[in-house]
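Peer 1: Numbering (numbering that gives the first Met the number 0), first residue to last: 0 to 136. Yeah, the Cβ is synthetic: ideal placement off N, Cα and C, and Gly gets one too. Being a predicted model, the structure only gives us computed values, none of them experimental. Following this message is one structure expressed as structure tokens.
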Amino acid sequence: MSSNHTHNKKNQTLTKNQRIVLNLLQDSGEPLKAYFILDSLKKEGLSSPLQVYRALDKLVELGKIHKVESLNSFIICNNSNCASNTAFTICERCGKVKEIKNNNLTEGVNELVRENKLNITRYNLEFYVVCKSCKIN
Ligand SMILES: [Zn+2]
Ligand SMILES: [Zn+2]
């Protein structure tokens, strides 16, 4: 199997805690703050914050979920292989968060990295926008 398939393999090796956290974020589809996640998972028997933070960290590392830094929230990944590089739009009016993927954007970042000789480890781009439904009103 080529390395392209490692993503699927990793899916099967998620721990019970990781699956519970992943399901919560999947069902929500919205960015959730850590304390909200902690609260919601108490019923599922995940009462230790450390367990939840560990699961969140691992899921971020696997690229299953992302951290939206400026909102201090976590959101399910909408693409299959962002790894640790992510880009989001955040509506300034309604707060809606959308994951975006664009080849030109990726190339632009690569060029920026080359030109400035950045020893880049990862990036997380967050664009503040007015979303379509807010623009109409
Ligand atoms: Zn993603
Ligand atoms: Zn909006």
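Out of curiosity, what's the CA-to-CA distance linking Ser58 and Ile75?
Peer 2: In the sequence shown, residue 58 corresponds to position 59, counting from 1. In the sequence shown, residue 75 corresponds to position 76, counting from 1. Note on identity: in this sequence residue 58 is Leu, with Ser being the wrong assignment. Answer to the nearest angstrom: the Cα atoms are 9 Å apart.
Peer 1: Applying the criterion that 16 or more other CB atoms from any shown protein chain within 10 Å of the CB defines a buried residue, is Gln25 buried or exposed?
Peer 2: By one-based count along the sequence shown, residue 25 stands at place 26. With fewer than 16 Cβ atoms within 10 Å of its Cβ, Gln25 is classed as exposed.
Peer 1: So, is Ile19 buried or exposed, given that buried needs 16 or more other C-beta atoms within 10 angstroms?
Peer 2: Here residue 19 refers to the residue found at position 20 of the sequence shown. Ile19 should be labelled buried.
Peer 1: Closer than 8 Å: is that where the CB of Cys76 sits relative to any heavy atom of ligand 2?
Peer 2: As a position in the sequence shown, residue 76 is number 77, starting the count at 1. Every heavy atom of ligand 2 is 8 Å or more from the Cβ of Cys76, so no.
Peer 1: I need the boundaries of the alpha helix (DSSP H) containing Leu211, first residue and last residue.
Peer 2: Outside the displayed range of the chain (0 to 136) lies residue 211, so it cannot be described from this structure.
Peer 1: Taking 8 Å as the line, does the beta carbon of Val67 fall inside it for any heavy atom of ligand 2?
Peer 2: Counted from its first residue, the sequence shown places residue 67 at position 68. The answer is no for Val67.
Peer 1: How far does the alpha helix (DSSP H) with Ile36 in it extend, from its first residue to its last?
Peer 2: The residue given as residue 36 occupies position 37 in the sequence shown. Element bounds for Ile36: 33 to 40.
Peer 1: Along the chain, which unbroken stretches of the alpha helix (DSSP H) at least 4 residues long are found entirely within the stretch 83 to 120?
Peer 2: If we require 4 residues or more, the alpha helix (DSSP H) runs fully inside the stretch 83 to 120 come out as 102 to 114.
Peer 1: Identify whether Val128 lies in helix, strand or coil by the three-state DSSP scheme.
Peer 2: Here residue 128 refers to the residue found at position 129 when the sequence shown is read from its first residue. In this structure, Val128 counts as strand in the three-state DSSP scheme.
Peer 1: Hey, how far is the Cα of Cys130 from the Cα of Tyr34?
Peer 2: If you number the sequence shown from 1, residue 130 lands on position 131. If you number the sequence shown from 1, residue 34 lands on position 35. C-alpha separation (whole angstroms): 27 Å.
Peer 1: Please identify the residue among Asn84, Thr88, Lys97 whose C-alpha is closest to the C-alpha of Thr105.
Peer 2: On the sequence shown, residue 105 is found 106 positions in, with the first residue counted as 1. Of the listed residues, the one whose Cα sits closest to Thr105 is Asn84.
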